[in-house]
Structures are given as structure tokens and as C-alpha cells.
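Participant: Each residue of the sequence shown is one higher than the one before, counting from 43 in this note's numbering.
We treat Cβ as the ideally placed atom computed from N, Cα and C, and that holds for glycine.
Predicted model only: the values in this text are computed from it and were never measured.
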Amino acid sequence: VFLNESVHLFPQIDPTADASFLGWIIASYSIGQMLASPLFGLWSNYRPRREPLVISTAISVAANCLYAYVHVPHSHNKYYMLTARALVGFGAGNVAVVRSYIAGATSLTERTSAMANTSACQAVGFILGPVFQTCFTLIGEEGITWKLIHLQLNMYTAPVLFGALLGVINIILIFVIFREHRVDDMGRQCKSVNFEGEGTEGEGILFFLETTPLTMDMYSWTRKEAVFYNGIILSVVGIESVIVFMVVKMLAKKTGERAILHGGLLIVLVGFFILLPWGKKLPNIQWQEIKNNSIPRTTPTEMLMPFWSLQAMQPPSNHTAEPVGCPVTQSWCLNTPVIYLAQYISSDILIGLGYPVCNVMSYTLYSKILGPKPQGVYMGWLTASGSGARILGPVFVSQIYTHLGPRWAFSLICGVVVVSLLLLEIVYKRLIAFSVRYGRMQEENC
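Next up, the structure:
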């Protein structure tokens, strides 16, 4: 469990950390997961799945605890946070073990439903993550300090400590509840390839999208307001995702996984296209660095207006302890239109609809194409490829956002989705289950 909004603690614990380093902190999670996924997958092919699951979860627990203490060292705190993020990501590499187990424990007819149920459980974490983060904001940035053990409990450290507690509970469940079994594509019982017959899947995931910088720039929200409002928005999107996972199980039986994957990518494309800035209204500018603490504010309700509504940029007038608005150091703030809150919410809804569809269909098709063989390593590589994309996103897209603005950043994402659609068209006819393809080959040979 790791809540991405918590990385906003890093400017407080290490003043030398900047926006570029924030991108690396976010990306370090995916770097750790990319390295760990194939390793844990290979491990699960030859040993009981209990082993990689317990070890990976224990690493996550230790990393969460490390994060809670990154304020203690007198220097280089940002590197300790980077290490904590990377280790949490390394522990999250066990998702390859989970997916490979599902692939080996279900028949072809059960596979889509099982993958959807697993993704729905992850989506429940998607709901609970923002809810808990919103609740933890009540603790405040100061919180309370337990001097005896040098522990600060505030809105940033509470989520990771809670995550460490859940990790301990997961380890207990790994030993107590689950028993491993294996079937072929037709559902017939098979001997497990592992040396022992026990294992488990006990991973609950709470996660956030890194939306705070965007909303702080566009809507002049404080850091605390951004965490709170994004928590509410993403909780609703999480509920939407659970519903989507339930519907997709039934829809796949009628239309097939390939068509649904195609539709999901189209919806994601529309979602990011809507997020492009339109109109002429500019975001409020953060003049903190050039005008003695003078900054404008825009309340969330003021942003709920039609896309075509025009307003003059407010001059700096009021005072606050925390600078808000789009920093004047980002030159694009002076000429790029604001992304209205209605656009942002509409985009969240569409991406929350399309992404879950793409996620579950990708894993389902991949596992069916591989066929009835140990899939730990292959699932590890698939997970690693997704982690690689999440590395490029925070590092490169955040750099593009900082230097060129949201128009270039989201246009780049739209381009990536278009390329994905083209690749899907090229390989569309080859996305067939191994047993179906093998059956056709047998018929042709006869």
C-alpha cells in the first residue's frame, strides 16, 4: 500500500528536492516493480507461491515504515524517500505471481470472470485509498509526534503506516487462508508445477493518480485542498471501476475480449482528448516569487462552468501562508488556457471507464494466448512492461508538463493511445486462445 499523494511531504523534509526529483520519486515505484516482477514470476514457477508473496509483502511493510522515518536523517532525506518508494514498488512485483496463479487455476471459460474479480478487488482499493487519504487530512500536516521513537503521525505518514499494518495482516492471511491448485484450459485438475501445494493471493492495493500538481496549478488549490478534493473524485471513479469490472464479465461472453479491449482504448483516447486545454481563460498565476506573497485564489465551485465561459485573469490581491495558483516560473501558465473542472471530472469519468476495461482484457487475452503452461515469468514481463510505461510517464510527461504545459503533455498521451490502437489492429486476428489455435492447427493437419 502506498499513496502517491504522500510524496508531497518531500519539499518539507528536504528543501533541495525540486519538481524534477518528484518525477523520479514517483517513477521509482515502477522501476522497483519492473525489476521485481520477472524475478518473482520465475520464483513462483519453481517454488510455492507462498514464498515470493510473503517476502514481497514483508519488503513492502519495511519500505512503508522507512518512509514514515525519512524525516529523521539530517541530510539526503529525498534519497531515503526515493529508496522507500523503490522498495514498495519492488514488493508490488508480486502482482505477477497473483496473475499467473489465476491463469493456472482457472479454465478458459472462467478466466475472464476471475481476472475481472481480481481487478475489481484492486478497484476497491482504488475507492478506499482516496477515502482514507481524505480522512487522514483531518490529522493535518503537523499531526502529533511520538518523541520516544521519533515518529511523526500526520496526513502524510498515516497512510503508509496504515499500509504497513495491512501488509502484516496480508502475511498472516497468506499462511492461514489460501490453498493452491491448478487446472488445464478445460478445467481438469492438474498436478502443480510447484514443489509444494500451498500458496495464496493476499494483496490489497490502495492507490492514487498523481493529479495534485495539475489541480493545484489549474484551480489554485492548496496542497491540502488538492488531496481532499482529488480523494473525493477518485473515490467516485473507483466505484465506477468496480461496476465496470462486473459488467465486463457479462459483456465479454457476448462480444469477446478483443472487441472490448478495442472499445476501452477508444474511451481512454476520448478521455485524454477532453483533458486538452480549450478556450481563452488563463489559470490564476502564482506571483509568490516576484510579488511578496501576493496570489489569487479560485474556489472549486467557481470552476464548475461551461467550457466556453470566459473570465479575465484576476490580479494578485489576497495573502495566504501557502502559495497557490500556476507558478509564474512555468512560462506556459501565461498563455495556456485553464482546464475547467468540468473537463477534469469528465475526463476522470471516461478514463475510469476505459482503463479498467483495457486492464482486465489485456491480462485475460495474454493468459489465454500463453496457454496451459507456467506463466509466472511471462506475467512478470507483462507487469514489467506496464511498469516501464509508468516510469516514462512520471519522468518524461512530468517534464513536458512542467516546461511545455498540459496541452503538449496530454497530446503526447493521446498519441501513445492512437499507436496502441494501430498495433491492436495489426495483431487483432492473432489474439486467440492457445487451445483454440492449437485445435485449429490439429484440424488443418487432419
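Is residue 75 helix, strand or coil by DSSP?
Facilitator: As a working mapping, residue 75 is identified with position 33 in the sequence shown. Helix.
Participant: How many Å lie between residue 116 and residue 157 at the Cα?
Facilitator: Position 74 of the sequence shown holds residue 116. Position 115 of the sequence shown holds residue 157. So the two alpha carbons sit approximately 46 Å from each other.
Participant: What residue from 383, 386 and 300 has the CA that sits closest to residue 468's CA?
Facilitator: As a working note, residue 468 is residue 426 in the sequence shown. Among 383, 386 and 300, the Cα nearest to that of residue 468 belongs to 300.
Participant: Put residue 194 into one of helix, strand or coil per three-state DSSP.
Facilitator: Locating residue 194 in the sequence shown gives position 152, where the first residue counts as 1. Note: residue 194 maps to strand in three-state DSSP.
Participant: Could you check whether the stretch 117-132 touches the stretch 171-180, counting it as contact only if at least three pairs of C-beta atoms, one from each stretch, sit closer than 8 Å?
Facilitator: With the cut-off at 8 Å, the stretch 117-132 and the stretch 171-180 do not touch.
Participant: Tell me, to the nearest whole angstrom, how far the beta carbon of residue 106 is from that of residue 206; I am working on the premise that it is less than 8 Å.
Facilitator: The sequence position of residue 106 within the sequence shown is 64, counting from 1. The sequence position of residue 206 within the sequence shown is 164, counting from 1. Correct: roughly 4 Å between the Cβ atoms.
Participant: Going by CA-CA distance only, name the one from 385, 368 and 463 that's closest to residue 258.
Facilitator: Numbered from 1 along the sequence shown, position 216 holds the residue referred to as residue 258. Closest by alpha carbon: 368.
Participant: Are three or more beta carbon pairs between the stretch 278-288 and the stretch 215-223 nearer than 8 Å?
Facilitator: In short, these stretches do not touch, since the Cβ pair count stays below three.
Participant: Within its chain, find whatever has a CB closer than 7 Å to the CB of residue 161; leave out the 5 residues flanking it on each side and keep chain order.
Facilitator: On the sequence shown, position 119 is the one that residue 161 refers to. Correct list, in chain order: 287, 398, 401 and 402.
Participant: Report the rounded CA-to-CA distance for residue 311 versus residue 464, giving the unit in angstroms.
Facilitator: Along the sequence shown, read from residue 1 onward, the residue named residue 311 stands at position 269. Along the sequence shown, read from residue 1 onward, the residue named residue 464 stands at position 422. Their backbone Cα atoms lie some 13 Å apart in a straight line.
Participant: Just the Cα atoms here: how many angstroms apart are residue 309 and residue 188?
Facilitator: Counting from 1 along the sequence shown, the entry for residue 309 is found at position 267. Counting from 1 along the sequence shown, the entry for residue 188 is found at position 146. Roughly 48 Å separates the two Cα atoms.
Participant: Using the DSSP secondary-structure output, state which residues sit across from residue 369 in a beta bridge.
Facilitator: Mapped onto the sequence shown, residue 369 falls at position 327. For residue 369, which the question treats as bridged, DSSP gives the partners 328.
Participant: Kindly list the residues whose CB is nearer than 8 Å to the CB of residue 317, restricted to its own chain and excluding five residues on each side of it in sequence; keep chain order.
Facilitator: Taking the first residue of the sequence shown as 1, we reach residue 317 at position 275. The answer, listed in chain order, is 381, 385, 386, 389, 448 and 452.
Participant: Which residue marks the beginning of the beta strand (DSSP E) containing residue 187, and which one marks its end?
Facilitator: Taking the first residue of the sequence shown as position 1, residue 187 is located at position 145. Run containing residue 187: 186-188, per the beta strand (DSSP E) assignment.
Participant: Return the CA-CA distance between residue 404 and residue 141, expressed in angstroms with no decimal places.
Facilitator: The residue given as residue 404 occupies position 362 in the sequence shown. The residue given as residue 141 occupies position 99 in the sequence shown. Straight-line Cα distance between these residues: approximately 12 Å.
Participant: Using 8 Å for Cβ pairs, my map puts residue 110 next to residue 129. What's the rounded Cβ distance?
Facilitator: Working through the sequence shown from its first residue, we reach residue 110 at position 68. Working through the sequence shown from its first residue, we reach residue 129 at position 87. About 13 Å; that fails the 8 Å criterion.
Participant: Measuring only the C-alpha atoms, how far is residue 186 from residue 131?
Facilitator: Start at 1 with the first residue of the sequence shown, and residue 186 comes out as number 144. Start at 1 with the first residue of the sequence shown, and residue 131 comes out as number 89. C-alpha separation (whole angstroms): 28 Å.
Participant: Which whole-angstrom value is the C-beta distance of residue 73 and residue 433, which I expect to be below 8 Å?
Facilitator: Here residue 73 refers to the residue found at position 31 of the sequence shown. Here residue 433 refers to the residue found at position 391 of the sequence shown. Between residue 433 and residue 73 the Cβ distance is about 6 Å, and since that is below 8 Å, they are a contact.
Participant: Give the DSSP-derived three-state secondary structure of residue 87 in the structure shown.
Facilitator: As a position in the sequence shown, residue 87 is number 45, starting the count at 1. DSSP places residue 87 in helix when its eight states are reduced to three.
Participant: Can you grab the Cα-Cα spacing for the pair residue 364 / residue 262, in whole Å?
Facilitator: Looking up residue 364 in the sequence shown gives position 322. Looking up residue 262 in the sequence shown gives position 220. Looking at the two C-alpha atoms, the distance is approximately 11 Å.
Participant: Mind listing, in chain order, the continuous alpha helix (DSSP H) runs of no fewer than 4 residues lying wholly within the stretch 98-140?
Facilitator: Segments of the alpha helix (DSSP H) lying fully in the stretch 98-140: 119-133.
Participant: Leaving aside the five residues before and after residue 195 along the sequence, list all residues of the same chain whose C-beta is less than 8 Å from its C-beta, in chain order.
Facilitator: Against the sequence shown, residue 195 aligns to sequence position 153. Contacts found: 181, 185, 186, 187, 188 and 203.
Participant: Nearest by alpha-carbon distance to residue 410: which of 430, 326, 419 and 477 is it?
Facilitator: By 1-based counting over the sequence shown, the position of residue 410 is 368. When each option's Cα is compared against that of residue 410, the closest is 477.
Participant: When the distance is taken between beta carbons, is residue 183 closer than 9 Å to residue 291?
Facilitator: Taking the first residue of the sequence shown as 1, we reach residue 291 at position 249. Taking the first residue of the sequence shown as 1, we reach residue 183 at position 141. Against a cut-off of 9 Å, the Cβ pair of residue 183 and residue 291 comes out as no contact.
Participant: With respect to the alpha helix (DSSP H) encompassing residue 210, which residues constitute its N-terminal and C-terminal limits?
Facilitator: In the sequence shown, the residue the question calls residue 210 occupies position 168. Segment 199-218, the alpha helix (DSSP H) holding residue 210.
Participant: What number of angstroms, rounded off, separates the C-alpha of residue 427 from the C-alpha of residue 190?
Facilitator: In the sequence shown, residue 427 corresponds to position 385, counting from 1. In the sequence shown, residue 190 corresponds to position 148, counting from 1. Taking the straight line from one Cα to the other gives about 43 Å.
Participant: Exposed or buried, residue 313, counting other C-beta atoms within 10 Å across all chains shown (16 or more means buried)?
Facilitator: By 1-based counting over the sequence shown, the position of residue 313 is 271. By the neighbour-count rule (16 or more Cβ atoms within 10 Å), residue 313 is buried.
Participant: Just verifying my parser: in three-state terms, what is the DSSP assignment at residue 221?
Facilitator: For the purposes of this step, residue 221 is taken as the residue at position 179 of the sequence shown. Here residue 221 sits in coil by DSSP.
Participant: DSSP state of residue 294, grouped into three classes?
Facilitator: Counted from its first residue, the sequence shown places residue 294 at position 252. Note: residue 294 maps to helix in three-state DSSP.
Participant: Short of 6 Å in beta carbon distance, which residues of its chain neighbour residue 79, apart from the five on each side in sequence? Order them along the chain.
Facilitator: Indexing the sequence shown from 1 puts residue 79 at position 37. Hits under 6 Å: 135, 138, 422, 425 and 426.
Participant: Anyone know if the C-beta pair for residue 124 and residue 66 falls short of 9 Å?
Facilitator: Your numbering for residue 124 matches position 82 in the sequence shown. Your numbering for residue 66 matches position 24 in the sequence shown. Contact: yes.
Participant: Relative to the C-alpha of residue 302, which candidate in 455, 395 and 77 has its C-alpha closest?
Facilitator: Reading the sequence shown from its first residue, position 260 is the one you call residue 302. The option with the nearest alpha carbon to residue 302 is 395.
Participant: Only counting the same chain, and skipping five residues up and downstream in sequence, which positions put a Cβ closer than 8 Å to that of residue 377?
Facilitator: Here residue 377 refers to the residue found at position 335 of the sequence shown. The answer, listed in chain order, is 324.
Participant: Can you check which of these residues, 470, 144 and 69, is closest to residue 431 by C-alpha distance?
Facilitator: Position 389 of the sequence shown, counted from the first residue, corresponds to residue 431. The shortest Cα separation from residue 431 among 470, 144 and 69 belongs to 69.
Participant: What is the DSSP secondary structure of residue 448, counted as helix, strand or coil?
Facilitator: As a working mapping, residue 448 is identified with position 406 in the sequence shown. Of the three classes helix, strand and coil, the one that applies to residue 448 here is helix, per DSSP.
Participant: Is there at least one non-hydrogen atom of the ligand NAD closer than 8 Å to the beta-carbon of residue 205?
Facilitator: The model on display carries no ligand, and the ligand NAD is accordingly not part of it.
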